Structures are given as C-alpha cells and as structure tokens.
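A.B. asks: Protein chains in written order, with full-length UniProt numbering: chain A, 1 to 95; chain B, 1 to 253; chain C, 1 to 504; chain D, 1 to 80.
Here a beta-carbon is modelled for each residue, glycine too, at the ideal position from N, C-alpha and C.
Small disclaimer: the values here were computed from a predicted structure and weren't measured.
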Amino acid sequence: MTQALLYGVFGIALFGIGLFGVLAIAHVVKKILAINICGVGVFMVFIANASSGAAPDFVPHAMVLTGIVVAVAGTAMALSLVVRINALEKPEEDA
Amino acid sequence: MFNNMTLSDSAKQEADLPGCVLLIVGMVVVAACFFLAMSLVQFQPTDQPLVTLVASNLEQSGVENPVTAVLLNFRSYDTLLEVAVLLIVALAVMPFSLQDTRLPFIKVSEPIERSLVLEAFLRWLLPAIVVTSGYLLWTGAALPGGAFQAGALLAGAGILLLLAGHHSFNFNALAARLLLVVGLAMFLLVGAGVVLSSGIALAYPVAMAGTLILVIEVAATITIAAVLVLLFCALQIEPLGPQPNRVEKEKHL
Amino acid sequence: MPVIDVASLLPLLIAIPLVGAIFSVLLSTKYAQVLIGLLSALALVLVIGLILVNLPSVGTEFTTPLRYVLAGWEAPLGIALSLDGFSALLLSLTVFLVTVLTFYSAFYFAASPARVRFWPLWWLLVAGINALFLSADIFNVYVTLEIIGLAAVALVALSGNKAGLTAALRYLLVGLLGSLCYLLAVALLYHVYGTLDFAQLAAKAESNPLSWAALALITVGLVLKTALVPLHFWLPHAHGSAPAPVSAILSALVVKASFYLLVRFWMEILAPAVTNEALMLLGILGGAAILWGCVQALRAKRLKLMVAYSTVAQIGYLFLLFPLLMSTEEASASQLAAQQQSALAAVSYFIVAHACAKAAMFIAAGNIIHSLGHDDIAKLQGMAKYMPLSLFTFAIAGGSLIGLPPSAGFIAKWLLLNVAIDTHQWWWVVIILTGGLLAALAIFRVLDLAFIKPEQASDHVAPDSWQKVPVAMPASGLALALCTMALGFNADLIIDLIAIGGGE
Amino acid sequence: MISGELFIDLLLGIGALVTAILCLTAKDLFQAILLFISMGLLVTLAWVRLGAWDVAIAEAAIGAGLTGALLIATRRQLNQ
Chain A
1 MTQALLYGVF
11 GIALFGIGLF
21 GVLAIAHVVK
31 KILAINICGV
41 GVFMVFIANA
51 SSGAAPDFVP
61 HAMVLTGIVV
71 AVAGTAMALS
81 LVVRINALEK
91 PEEDA
Chain B
1 MFNNMTLSDS
11 AKQEADLPGC
21 VLLIVGMVVV
31 AACFFLAMSL
41 VQFQPTDQPL
51 VTLVASNLEQ
61 SGVENPVTAV
71 LLNFRSYDTL
81 LEVAVLLIVA
91 LAVMPFSLQD
101 TRLPFIKVSE
111 PIERSLVLEA
121 FLRWLLPAIV
131 VTSGYLLWTG
141 AALPGGAFQA
151 GALLAGAGIL
161 LLLAGHHSFN
171 FNALAARLLL
181 VVGLAMFLLV
191 GAGVVLSSGI
201 ALAYPVAMAG
211 TLILVIEVAA
221 TITIAAVLVL
231 LFCALQIEPL
241 GPQPNRVEKE
251 KHL
Chain C
1 MPVIDVASLL
11 PLLIAIPLVG
21 AIFSVLLSTK
31 YAQVLIGLLS
41 ALALVLVIGL
51 ILVNLPSVGT
61 EFTTPLRYVL
71 AGWEAPLGIA
81 LSLDGFSALL
91 LSLTVFLVTV
101 LTFYSAFYFA
111 ASPARVRFWP
121 LWWLLVAGIN
131 ALFLSADIFN
141 VYVTLEIIGL
151 AAVALVALSG
161 NKAGLTAALR
171 YLLVGLLGSL
181 CYLLAVALLY
191 HVYGTLDFAQ
201 LAAKAESNPL
211 SWAALALITV
221 GLVLKTALVP
231 LHFWLPHAHG
241 SAPAPVSAIL
251 SALVVKASFY
261 LLVRFWMEIL
271 APAVTNEALM
281 LLGILGGAAI
291 LWGCVQALRA
301 KRLKLMVAYS
311 TVAQIGYLFL
321 LFPLLMSTEE
331 ASASQLAAQQ
341 QSALAAVSYF
351 IVAHACAKAA
361 MFIAAGNIIH
371 SLGHDDIAKL
381 QGMAKYMPLS
391 LFTFAIAGGS
401 LIGLPPSAGF
411 IAKWLLLNVA
421 IDTHQWWWVV
431 IILTGGLLAA
441 LAIFRVLDLA
451 FIKPEQASDH
461 VAPDSWQKVP
471 VAMPASGLAL
481 ALCTMALGFN
491 ADLIIDLIAI
501 GGGE
Chain D
1 MISGELFIDL
11 LLGIGALVTA
21 ILCLTAKDLF
31 QAILLFISMG
41 LLVTLAWVRL
51 GAWDVAIAEA
61 AIGAGLTGAL
71 LIATRRQLNQ
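1. Per DSSP, Ile106/B forms a beta bridge with which residues?
2. Determine the burial state of Arg170/C: buried for a count of at least 16 other Cβ atoms within 10 Å of its Cβ, exposed for fewer.
3. When DSSP labels each residue in this structure, what does Ser61/B get in the three-state scheme?
4. Using a Cβ cut-off of 9 Å, which residues of the region 227-253 of chain C contact any Cβ in chain A, in chain order?
5. Less than 8 Å between the beta carbons of Pro470/C and Thr393/C, yes or no?
6. Any C-beta of chain A sitting closer than 8 Å to the C-beta of Ile37/D?
7. Taking C-beta pairs closer than 8 Å, name the residues in chain D that Ile37/A reaches, listed in chain order.
8. Taking Leu189/C as the reference, give the member of Ala213/C, Val174/C, Arg117/C, Val430/C with the closest Cα.
9. Give the DSSP-derived three-state secondary structure of Ile79/C in the structure shown.
10. Short of 9 Å Cβ to Cβ, which residues in the region 294-306 of chain C face chain B?
11. Would you report the Cα separation of His460/C and Val446/C, rounded to the nearest angstrom?
12. Find the residues of chain B that neighbour Arg117/C, judging by a C-beta separation of less than 9 Å, and give them in chain order.
13. For Arg302/C, report the span of its alpha helix (DSSP H) as first-last.
14. My guess is that Met186/B and Val229/B are in contact by the Cβ rule of under 8 Å, so how many angstroms apart are they, rounded?
15. When you check each C-beta in the region 50-83 of chain A against every C-beta of chain B, which residues fall closer than 7 Å?
16. Between Leu217/C and Cys181/C, which are expected to be in contact by the criterion C-beta below 8 Å, what is the C-beta distance as a whole number of angstroms?
17. Check whether the region 280-287 of chain C touches the region 247-261 of chain C, counting contact only when three or more Cβ pairs, one atom from each stretch, lie closer than 8 Å.
18. Quick one: is residue 562/C buried, meaning 16 or more other Cβ sit within 10 Å of its Cβ, or exposed?
19. Report the rounded CA-to-CA distance for Asn79/D versus Leu33/A, giving the unit in angstroms.
20. Using a Cβ cut-off of 8 Å (strictly closer), state whether Ala32/D contacts chain B.
21. Can you find the residues in the same chain that come closer than 8 Å, C-beta to C-beta, to Ala61/D, ignoring five residues on each side of it along the sequence?
22. At least one CB of chain A closer than 8 Å to the CB of Leu18/C: is that the case?
23. How long is the line joining the alpha carbons of Ala289/C and Val312/C, rounded to whole angstroms?
24. Considering only C-alpha positions, which residue in the set Ala37/B, Trp124/B, Val181/B is nearest to Val83/B?
25. Excluding the five sequence neighbours on either side, which residues of its own chain have a C-beta within less than 8 Å of the C-beta of Ile106/B, listed in chain order?
26. Counting C-beta neighbours from all protein chains within 10 Å, is the total for Phe121/B 16 or more, i.e. buried, or is it exposed?
27. With a CB to CB cut of under 8 Å and the five nearest residues on each side skipped, what residues in its chain are close to Thr101/B?
28. Using DSSP bridges, identify the partner residues of Tyr68/C.
29. On the criterion of 16 or more Cβ atoms from any shown chain inside 10 Å, does Tyr193/C qualify as buried, or is it exposed?
30. Given this structure, state the Cα-to-Cα distance separating Leu22/D from Ala32/B, to the nearest angstrom.
31. Give the single residue among Ala163/C, Leu210/C, Gln33/C whose Cα lies nearest to the Cα of Val186/C.
32. DSSP puts Ser135/C in a beta bridge; with which residues?
33. Going along the chain, which residues of its own chain have a beta-carbon closer than 7 Å to the beta-carbon of Ala48/A, five neighbours each way excluded?
34. Classify Asp448/C as helix, strand or coil using the three-state DSSP reduction.
35. Given this structure, state the Cα-to-Cα distance separating Gly63/D from Asn130/C, to the nearest angstrom.
36. How would you write the range of the alpha helix (DSSP H) that Lys27/D sits in, first residue to last?
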C-alpha cells in the first residue's frame, strides 16, 4: 500500500465520518463541523491522488486551495445565519 | 429520516435520530465508503498528463510557483469566480443599514477598558504583520504563499486592531464597499483589458504576465482581508437591529 | 460566414452580471441600483440575441458546440466555455426571465431597505447561473454551483424573519453537502481520466467501478440540490419564504441548473457508466415526486407553499427523461439517438414551460402578499374583484402547469406522452395524467375561492388591510403567463434549438 | 515490518480520524471546536507529508485557524 493510497482511504473515511455526522447530529453548529470534516476528507482525496505519480500534480493543489476558501465562505455564512436565528429567538425566551 | 434538519433552529438542543434509523444510515454510509475505498485501491493509476503540461508551460505563466501559476494563469477563471464567492458571503453577512453609508469607515474611540500591554504590543506588531503579508504575497510568485495566505494575515492585523478597542469598522461606508469589490473589479478589469493585446479574455501577454498577476493578487489580498475582518465583525456583534454594544461605545465618546 | 465570432461573446454573459453586481454594491442609492439593473438586463438581452442570431441553424452540417478557450490555455490545462443547443436554450430562458424579474423587482423592492443587499446578490446569482450553463469544466462547475447556492441562500435570508432564516440555513447546509458529494466525484474522475473537460472526459469515460462511484456521488449531490423526492424536504420552505422575485428565480432556474448538469453527466460525460436499472430508478423517483408534490400542494394552507410544492411535482416530470433514455435490444443506435433526442426535446420544453408558468405564479402570489400582507389560501375568498390581473395570471399559469391546451405545458406533456408511448412505457402515461388531474384540483381550489364566491366574502376581508400595487407588478406576471400561451403555438422554435450540436 | 515513514503516515491519518470522531461525539461545543482545530492541524501535517506546502499553509491559516476563530466567536454569541 503506497502513501498516496493510504491517505486516499483516510480521506474517504473522513468523508464518511462527516457524512454520518451531518445526518445523525441535530445540533446545528456540530452539523456545520461535520460538513467541514466532509470537506477535509474530499480535499485529502484530491491531495493524495495528486501525489500518486512520480512528481506531484499541482492542479489538484490549486483546486483544493479554491475549495478551502469556498468551504470557509460557506461555513461563515452558515454561522452568521445561526447567530441571527439565535438573536431572534432570545426575545421570545425572555417574554 | 430528515426530520433532524428541522431542529436546526434551536442551537442548544442535542437530539439524535431514533436508534434503528441511525443504524441504517450508518450502515449505508459505511457500505458506500467501503465501496469507494475498494474501487480506489483496485484502480491502477495511469500517467498524469497535467504534471508535464504544467511544468512545460510554467515559464510562460509569469510566476515560478506552479500552484500560483495554476490559480492565477492556467485556471484563473476559477479564481475569478472564487473572489465572487467571497463577495457573496460578504454581502450576506453585512449588517446593512442605509444611515451608516455616510459615516466614515474607521471610527476611533476610547476603549471601554484599556490594555497597555496589548496597545504597546500592537504598535510594534501591526507594521510587522503588514510587512510580512506583503512579503508573503511577493514570494507567492516563487515559493508557497500568495494572496489567500497574505490576506488572512492582514485580516489578523485588522482583528487585533478591533480587539484593542480603539477602532471600529463601519462596513457600509463607501470606502469599505470599495475594499470589498476591488479584488473582483481588478480581476475583471485585467481579464477584459488583455483582450486588447491577446484577443482572448484572461490571456495575459507573456512579457507582462508576472506584473499583471501581482496586480490582481494585491487587489485580491485587500478584498480577502476586508471580507475576513467583516466576517469576524459580523459574528462578534449582534447583526440585527440597533446594536447594544455600539450604543455603549457612543456613550464613551 | 458569420459577421462576428460568436464564441467570443460567451464570456460577456458572465462578465455583464458581475459588473452589474460591482456597481450595485458601490452605488447603493435606489435609482442607481434600478438603473444598473435595467442596463445589465438590456446588455444581456443584446448579447444573447446576437449569439442566437449567429448560431448555425439546424440542417447545415455544422453542429458542433461553440467553444471559447479562456486565458488561452486549451483544456486539460485551462478552462473552456461551450455552448450547444441545450445550453443555448437554457441561457436564453435565463436572460428572458431575469429581464422580466429585474423589471418586477424594481417595483417589488421599491420601498424595502432589503434592496441594498438584493441587487448585488441578484446579479451575482445571475452570473453564477450563466457561468454554470456555459461551463465545460467539471471543477469550474463546482465553483459555479457554490456561487448559485450561496447567493440563493443569501437571497432567501433577505426576508429576515425566523422562518425565512431557518429555511435559508437548511437550504445552505443541504447545498454544501450536495456540493461536497459532487466535489468528491470530481476528485475521482480527475484521478482516473486526468482531465476536467466535459468533451475530453466524455471521450475517455468507460464503465468501471470508479466511474460508477463518481456518477453515484454526482447524482446524489445534484439530486439533493434539484430537490427530487425523497430529498426535497428543504425546498418548500426555502422557496415559500423567500421574497417573490427570489422564489420565482429559485423555482424557475436554480433547480433547473442542477438538473441540467445531471442531464449532461447522464447523457454525455459519463454515458458509458449508465445502466438501465439506474435510469429506471431515477424515473421511479420522478413518478413518486409527481404524485407526492401534487398531494402536498392540495393540502397546503399557504399560497406560496402550494406553488412551491407544485415545483416538487414539476421536478418529478423532468426526471421522467431518464427512463425514456433507456436502450432496448431491438433498437438500433440511430433509433436510440433519435429517441433520446426527442425525450430531451420534450423535457427541455417542460423546463421552459414550467419556468415561465412558475415565475408568473410566484409573481402573482407575491402581488397578493404585497397587497394583503398574507397568503393564507382560506382568506382569498373573492379576491379576484380586487386583484383581477394577478388572479388572471395565476389562472393562465395554472392552466399551463395542469397541461391544458393551448398552453406550453400542454405541448410539453404531449411530447412526453408521445415518447413514453413510443418506448412502450405506458405506466408513465398513467402517472402524467394523474399528476395533471391532481394539479388541476389544487389550482381550481384557489381559483374557485377567488373567483366564484365574491358576493359572500368581499366586505369583511379586504378593505382594512388591502393595499394597491403598481400596475407594472401584475403586468410583468401577466406577460410571463402569456408567454406560456405563445410558446404553446410555436413549439418548433425550441425543438429546433435543442437539436444544435445537441445530444451525442 | 512497518517502516518509520509509513508509521508517521498511519499515525497522522488515524489521528485525524480519531479527532474527527471525538469532535462529533464531544458533549461540550467548545471541546468539539478545539478538537476540530486540532484535526485541522493534523491534516496540515499530512499535507506537508504529501508535499502540498501551499495547501498546508492555507489549511493551517484558513481551514483550521480562521474557521476555528469563527466557530469560537459563534459559540460566544450562542452562550450570551
């Protein structure tokens, strides 16, 4: 088993853990964490495959960089929605 | 099975799916991952045509770092759209109000509690961070690093400034909006401008490629830093309605 | 010999909305934003008009897709844009609807502070949709999917109330998960075939476990985004709680964008990995979606929720495309190609008919909310007296959704029924007809209340809360509704367009 | 016989998996966030091992660092 294959399998496992987490956990912030774990798994598959040849392939590296930024953008948006929903909920709780 | 999605409004609850459903979901996920992993292991990797293509065209890309070459030259269109994604997120989290558009971008005020250590620290650290991020950007052409790393570092400086309590940012000011769009605008401008010389959108002339990439990267760095600081602000301050902590600050003025 | 190089116009379709977005961030006064909106829409209409006029017509031997290589780097190193008949149709539809909805939004958001955020996000969403229809690169498609997803979520969240924000959050999480499934498939495909370009992948693709895995991941991810039953749970509330122009574009175009990709992957890029069983499975889910969506639409208490559930049903019709692509032993290759082409034409027709009708319906529902402050179906008694134009729009669009002649919806269903009968899959005929019947029940329930019992209601519901809307608002809805009628008379236009560079 | 290099790779990979599982099963949200950040750092190391320096820097700064900061800020808001 080569190094690339090893990390590829780990990446798929991370994706699976994240996927299960998204489906099984009710807590929103942890759902968001799970989606991020999914994303890390996907990126790991990309990077692992990129290093399977003799020389590293830089195109997947660039794709993962784009992916990381997009992932953080999505996470930030989700968290801001959580905060806004939470802020709307509070007055009701007090009343 | 997807009822759990509806719970997303209450962030403090920790309810799980019923056990049997959970078991089925788990088994499906495990089976799918097992199939994926097996097909990945069984697959014999072939040659990677892009490795040689990237290497052989690197000289004409204007930069030495292959990742930067892919991001800002070979597949620059992806990066252009990625900057658009950042703008979307900035617009989504921005606490918009029509009144604030005329207020200045940076407001200086006395902090509620002063921390001398932090202030002294900042006085030295901030210039250092700005210089370092400039350096990261510059070396991105040859070594690992580039617009995103530099932007993140620059955003760190902005957040430290916020934490010190002297300054607050108003993202509805025209200057702030300019910072948010400058990355996308510059990318589009360069991408369209090169049509005059090469006839193809986003195709830089080889001689000027390095300079043009740097111009785009500087603008992108500024936008990235601004968006990241905005994200941090949006999560720190109550984003809806009149904000209580802002009222407090006004009292101290 | 065309006067201009048509392909060089393709990047403009993405650049114009992006420029529009930048200017509407910078110039945030009301009239500036509206002016920018109208100018951008006009520019888009001009560009797509030029492209359509210069497209090689059917019958000439030239039927390859248009291609524009961005940045001068040919695939696999660079990214290309491409346009064939199917994407040209969807782009024209996008530009047309965006123009009408931009006009409508100028009035809808006239008094709302949400407009400051709406306009830039609107143009970014349009840029994303155009970019997706033009893209010829599977990773680039991921980025466009994220643009569409995030912009759509931000637009849904504009409503600002708790129900809207919750719907937006659920929509966002579903969208992110769907995109990640898609991205994992991109990783696998790139690993196996060493390219990201649509055409190069299609040439190299073969049936092996990794292709199956990639196709399965892509399908799950995109079906989640298209909201096919049973993964539709997020759609009704997201589409039902957004502002009217946003609901309209979400139902008319955004779900179609991911459906378009599914068609690309199943018919072209990964066609060798497709099996008949898989096609049948998608068809069965589509049939279930038709029935389930119609039943839920019948039960809905709010007008917009009803319209949103009808979208769930209409998505089901689109997925009937897949079983109709199935090959049989006796059919020759050319027969199969012809069968697939006519199935695609039927479904394209469906997309256009549904997009116009559904946008018109959401506009009508938006007008009703705008003037009444609610969209409770039970309280709509006799409203036709006050809002004749909006309810007339609703009726015409409803007729098209049911499939009554002479609407576009009728032609679409007719074409679909024909293909189903030709391929001896009669059970779809039953489902299509049942779906039409159920849709008729749902729509006549509303119309019955609004039109037929005016004398009992009128007095106690309307006067105190009723508010007049500018005539341009119902007028733009009516224009769309009349378009569904006009399309019913000019069916060949669309079918010819699809054939350009189309299919295989 | 397991060579040293393979041992490091195994350690990093299994470490990432274990922290991911712990992160999703943690009872306390703050703990979960910290575990997520540490998973990000382990993954960063894995990418250094795979020769992806650019990605490793970005993951440490943006993936683990910035996401972590945003998560902590959110948690503070939720607890207020």
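C.D. replies: Walking through what the data contain:
1. Phe169/B
2. buried
3. helix
4. none
5. no
6. no
7. Ala20, Cys23, Leu24, Phe36, Met39
8. Ala213/C
9. coil
10. none
11. With a pLDDT of only 49 at His460/C, under 50, the local geometry of the prediction cannot be trusted, and the value read off the model is given with reservation. When rounded, the distance between both Cα atoms is 19 Å.
12. Leu91, Ala92, Met94, Phe96
13. Counting along the chain, Arg302/C falls outside any alpha helix (DSSP H), and DSSP gives it neither H nor E.
14. The pair is not a contact, with the Cβ atoms about 19 Å apart (cut-off 8 Å).
15. Ser52, Gly53, Ala55, Asp57, Phe58, Val59, His61, Ala62, Leu65, Thr66, Val69, Val70, Ala73, Ala76, Met77, Leu79, Ser80, Val82, Val83
16. 5 Å
17. no
18. This structure cannot speak to residue 562/C, because chain C is shown only from 1 to 504.
19. 18 Å
20. no
21. none
22. no
23. 6 Å
24. Val181/B
25. His167, Ser168, Phe169, Asn170
26. exposed
27. Asn172, Ala173, Leu174
28. Leu81/C
29. buried
30. 22 Å
31. Leu210/C
32. Leu81/C
33. Ala4, Tyr7, Gly8, Gly11
34. helix
35. 29 Å
36. Lys27/D -> no alpha helix (DSSP H), and no H or E assigned at all.
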